Amino acid sequence: MMLSLTDAFVLEFGYAPSAIYQAPGRVNLIGEHTDYNQGFVLPCAINFATQIAIKPRQDHQFIAVACNYDNQRSRWDLDKAQPSHDAPWSDYLKGITQVLVKRGYRLSGFDLMVRGDVPLGAGLSSSAALSIAFAYALNDQLQLGLSGLGLAQVAQQAENEFVGCQCGIMDQLISAIGTQSYAALIDCQSLSWQGIPIPAEMELLIVHSNVKRGLVDSEYNLRRQQCEQVARFFGHNSLRGLSIEELNEARSQLDPVMFRRARHVLSENQRVLGLADALVANNPAAISQIMRSSHQSMAEDFEITVPAIDALVSIIHSEIGDTGGVRMTGGGFGGCVVSLLPSDKKQAVVDRVVQEYPKNSGLYATFFNTKASSGACRVR
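FYI, the numbering for the sequence shown is 69 to 448, going by the working numbering.
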C-alpha cells in the first residue's frame, strides 16, 4: 500500500511537512504551436496533478525528493544551482528558484517531496504541473504576492532559460488558473483569457498512443525558429501580426516549407476561435469539423504527427463521426490524442481502439478519463 505524501515525507526527512500544494497537468483542445507565436489556445486543466509537500529550512539549501523516480534526491544552493544530468526533473525546480532570485525576491531554503500522477512523456504537461506546484508553494510560503499569470511567467522563464526548452506560456498558465468544467480561451499576445464551458453531455477522453517521442525537443525548437523566421520576413515580431491574405500574396517569395509552417499557425488561430464558439453553442458537428481540420493541418502543414497518431485519430473519428471531435494534442511526434465526445459513445470508442489500433501500429493505447479541473491550490 502506498504511503500518503505526508507519511512519505516524514519517513524521508524525519519531520512532517508544513503544507502540501498541487498543480494539474493540461490537455489542449486546440491551438497547437500557436502560443509562442502570440496566438490563441484553448486548453483545460485536467484531474491529474503533481503534489509537493514542503517544509522551510533555516539555510539557503533546497533538498528535493521525487517519489516517481525511486525517491531520487537533488540538493542545490540558492546561489549555485546547476543543471543536473542525473536528475533532470530537478532542473524545473532549480530554474524557478533562479528566476525568482534574478527578479529580486528574497528566498530561503526548503525540504520538499514531489509526487504526481500526470502521465510522463504523454504531452500532458507533467513539467508545467511540477513547475507551477513549486512556484505556487514558494509564493504561498514566502508571501511573494505573485498572481496566477505571474507564476506562469516565472515558470515559463525558468523552462526557457534554465531547462532550455523554448516553450510558450500556455502550459504553465492553464495549470495556474484552470477552472472546473471550463476550458480557457487564452490570447497569448495580451495574456488575457476567458472561460469556455465544456458542454455537460460531452466527455474528455485522452488516448495515449504510446509512441516514444524521440524528436520532440529538437523539432519543437526548430518549428519555433521557422515561425520566427517567417515573421521577420514580413517585419513582424510574431506571426500574430500576419494575415492569411498577406501570407498567400507572398507565397512565391517563401520557401514552401516555411509557407506551410506559417499557414498552419494562422489557420489554427482561426480554428481556436471557431472551436470556442462551437463549444459555447454546443454544436457537435462544428466541433467535429474544426478538430478534424486542425489535425490535418498538423499532419500536412506543420508535419508534427506520426503514422500511429494519424491511425488513432482516424479510428476514433470513424466511431464518433460528427457527434464529437478528435485530434492530436501536445507538441507532436507521438503522445496523445484528445477527443470531445458524447458520454454514450465513450465505451464504443474504447472498444474500437482496443480492437483496431494494434493492427495499425503494433502498439497498445492507454486511456485517461479526464475532466476539466481547477488550477493550482494548497491542499493541506
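Just so it is clear, CB atoms sit at the ideal spot from N, CA and C, and this is done for glycine as well.
Since the model is a prediction, treat every value here as computed from it, not as a measurement.
Q. Taking the beta strand (DSSP E) that Y250 falls in, what are its first and last residues?
A. Annotation: the continuous beta strand (DSSP E) that includes Y250 extends over 250–255.
Q) Taking the continuous alpha helix (DSSP H) assigned at S243, which residues delimit it? A) Here the alpha helix (DSSP H) through S243 covers 238–245.
Q) Considering only C-alpha positions, which residue in the set H304, M359, S158 is nearest to G393? A) The shortest C-alpha separation from G393 is found at M359.
Q) Would Q211 pass as a contact of S176 if the rule is Cβ separation under 9 Å? A) Taking 9 Å as the Cβ cut-off, Q211 and S176 do not qualify as a contacting pair.
(Q) On the criterion of 16 or more Cβ atoms from any shown chain inside 10 Å, does Q294 qualify as buried, or is it exposed? (A) Around the beta carbon of Q294, a 10 Å sphere encloses 16 or more other beta carbons of the protein chains shown; the residue is thus reported as buried.
Q) Where Q436 and S277 are concerned, what is the direct C-alpha to C-alpha distance, given to the nearest angstrom? A) The displayed chain sequence assigns Phe, not Gln, to residue 436. Roughly 11 Å separates the two Cα atoms.
Q) Which residue's Cα is closest to the Cα of S429: K280, V169, G213? A) Ranking the options by Cα distance to S429, first place goes to K280.
Q: Enumerate, from N- to C-terminal direction, the unbroken alpha helix (DSSP H) stretches of 4 or more residues contained entirely within the stretch 349–382.
A: Along the length of the stretch 349–382, whole alpha helix (DSSP H) runs at least 4 residues long occupy 352–368, reported in chain order.
Q) Do we get a CB-CB distance below 9 Å when we pair K427 with the residues of chain C? A) This model lacks chain C altogether; it includes just one protein chain.
**Q.** In chain order, each alpha helix (DSSP H) run of at least 4 residues that lies wholly inside the stretch 150–189
**A.** Whole alpha helix (DSSP H) segments, 4+ residues: 157–170.
Q: Count the CB pairs spanning the stretch 98–114 and the stretch 304–320 that are closer than 8 Å, and state whether there are at least three.
A: As far as the Cβ criterion goes, the stretch 98–114 touches the stretch 304–320, which means the pair count is three or higher.
(Q) Which same chain residues end up closer than 6 Å to A205 when comparing Cβ atoms and leaving out the 5 residues on each side of it in sequence? (A) For A205, where only same-chain residues beyond five positions count, the Cβ hits under 6 Å are Y89, I120, I122.
Q. Skipping 5 residues on each side, what residues in its chain have a beta carbon closer than 8 Å to that of H128?
A. Once the five neighbours on either side are set aside, the close Cβ partners of H128 are D145, L146, D147, L175, S176, G177.
Q.
Could you compute how far the alpha carbon of F370 sits from the alpha carbon of A440?
A. Going from the Cα of F370 to the Cα of A440 covers about 27 Å.
Q) So what does DSSP say about E271, is it helix, strand or coil? A) Strand, per DSSP.
Q) Got a sec? Which residues, its chain only, sit under 7 Å from L341 by beta carbon, not counting five neighbours each side? A) Cβ neighbours of L341 beyond the five flanking positions: F108.
Q: Would you identify the three-state DSSP class for F436, choosing helix, strand or coil?
A: Look at F436 here: in three-state DSSP terms it is strand.
Q: From the DSSP output, in three-state form, read off L409 for me.
A: Three-state DSSP puts L409 in a strand.
Q.
Taking the alpha-carbon of G189 as reference, which of R171, G213, R291, V275 has the nearest alpha-carbon?
A. Taking only the C-alpha atoms, the option nearest G189 is V275.
**Q.** Contacts around A134, its chain only, beta-carbon distance under 6 Å, and the 5 residues preceding and following it disregarded
**A.** So the qualifying residues of the chain are Q140, W157, V182.
Q. Near R250, what residues of its chain come up, given a Cβ to Cβ distance below 8 Å and the 5 sequence neighbours on each side ignored?
A. The amino acid at residue 250 is misidentified as Arg; the sequence shows Tyr. Annotation for Y250: C112, G263, I264, P265, I266, A440 place their beta carbon closer than 8 Å to its own, counting only its chain and skipping 5 residues before and after.
Q) Would V222 be called buried (16 or more neighbouring beta carbons within 10 Å of its own) or exposed? A) With 16 or more other Cβ atoms inside 10 Å of its own Cβ, V222 counts as buried.
(Q) Tell me the rounded alpha-carbon separation between S311 and G218. (A) If you draw a straight line from the Cα of S311 to the Cα of G218, it is about 30 Å long.
Q.
Using 8 Å for Cβ pairs, my map puts R319 next to A87. What's the rounded Cβ distance?
A. Contact between R319 and A87 fails: their C-beta atoms lie close to 56 Å from each other, not under 8 Å.
Q. Start and end of the beta strand (DSSP E) containing A117?
A. Counting along the chain, A117 sits inside the beta strand (DSSP E) bounded by residues 111–124.
Q. Tell me which same chain residues have a C-beta within less than 7 Å of the C-beta of L73, skipping the five on either side of it?
A. Excluding positions up to five away in sequence, the list reads I88, Q119, A121, M181, R183.
Q.
In the DSSP output, what is Y89 paired with across the bridge?
A. Answer is I120, R446.
Q.
Taking the alpha helix (DSSP H) that Q221 belongs to, which residues open and close that run?
A. In the DSSP annotation of this structure, the continuous segment of the alpha helix (DSSP H) that includes Q221 starts and ends at 216–226.
**Q.** Selection from A196, E229, Q257 that minimises the alpha carbon distance to L241
**A.** Closest option to L241, Cα to Cα, is A196.
Q) Measuring CB to CB, does E424 end up less than 9 Å from E100? A) Going by C-beta atoms, E424 is not nearer than 9 Å to E100.
Q: Tell whether a beta-carbon distance below 9 Å holds between V405 and L380.
A: Cβ distance < 9 Å, so V405 and L380 count as in contact.
Q: Would you grab the beta carbon distance between L272 and V422 for me? Rounded to a whole angstrom, and I think it's under 8 Å.
A: The C-beta distance from L272 to V422 rounds to 19 Å, too long to meet the 8 Å contact threshold.
Q. Are the CB atoms of V169 and A117 nearer to each other than 9 Å?
A. No, the pair does not count as a contact, with Cβ atoms beyond the cut-off.
Q: Going by DSSP, name the residue or residues bridged to N96.
A: Bridge partners of N96 according to DSSP: P111.
Q: Provide the residue span of the beta strand (DSSP E) that contains T397, from first to last.
A: Taken as a continuous stretch (DSSP letters only), the beta strand (DSSP E) holding T397 covers 393–397.
Q. Tell me the DSSP bridge mates of G342?
A. In the DSSP output, where bridge partners are listed per residue, G342 has none listed.
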